[in-house]
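Comments concern the structure below.
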Amino acid sequence: MKAKKIILSSLAVASASALALGAYKIAKDQKRLRSQEELVAEVREQMENMGKIATLYVELYESSEERLVGGLVFEDERHYRFVYEEGLLQYEEEKL
Numbered sequence: 294m295k296a297k298k299i300i301l302s303s304l305a306v307a308s309a310s311a312l313a314l315g316a317y318k319i320a321k322d323q324k325r326l327r328s329q330e331e332l333v334a335e336v337r338e339q340m341e342n343m344g345k346i347a348t349l350y351v352e353l354y355e356s357s358e359e360r361l362v363g364g365l366v367f368e369d370e371r372h373y374r375f376v377y378e379e380g381l382l383q384y385e386e387e388k389l
């Protein structure tokens, strides 16, 4: 009986730890997504004066919380790649 209580207590502690870790990871991911959404909005705002944006995409494997890498396609089919880091937007047109 004593062993059963120990096992149940251990399972309860392990479950609580797993739940706390899961909640932490979810909160961290939501924070990262919010910061990326803010960076995307800033890039969109800075590039709007060049024409109507058809598509803006982000390359997640190259981006981080502080750095956004991606591209833009305008309705007139111009294509630009960009890097937005520390408030500075660098972009260049890609010739397809």
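The numbering of the sequence shown is the numbering used here, which starts it at 294 and goes up by one. We treat Cβ as the ideally placed atom computed from N, Cα and C, and that holds for glycine.
Could you check whether residue 365 and residue 333 sit closer than 8 angstroms to each other, using their CB atoms as the reference points?
In this structure, residue 365 does not lie closer than 8 angstroms to residue 333 by Cβ.
Comparing C-alpha positions only, which one of 363, 311, 297 sits nearest to residue 372?
The shortest C-alpha separation from residue 372 is found at 363.
Kindly indicate the opening and closing residues of the beta strand (DSSP E) around residue 380.
Counting along the chain, residue 380 falls outside any beta strand (DSSP E), and DSSP gives it neither H nor E.
Thinking just about the alpha-carbon of each residue, which of 368, 359, 385, 370 is nearest to the one in residue 378?
Residue 359 is the option with its Cα nearest to residue 378.
Pull up the CB-CB distance for residue 383 and residue 356, whole angstroms please, since I reckon it's below 8 angstroms.
About 14 angstroms; that fails the 8 angstroms criterion.
Using the C-alpha atoms, what's the distance from residue 299 back to residue 348?
Using only the alpha carbons, I get a separation of about 57 angstroms.
Among 376, 370, 380, which residue has its Cα nearest to the Cα of residue 388?
Residue 370 is the option with its Cα nearest to residue 388.
Using DSSP bridges, identify the partner residues of residue 387.
DSSP, once it has assigned bridges, lists 372 as partnering residue 387.
Work out the CA separation of residue 319 and residue 302 for me, nearest whole Å.
So the alpha carbons of these two residues sit roughly 26 angstroms apart.
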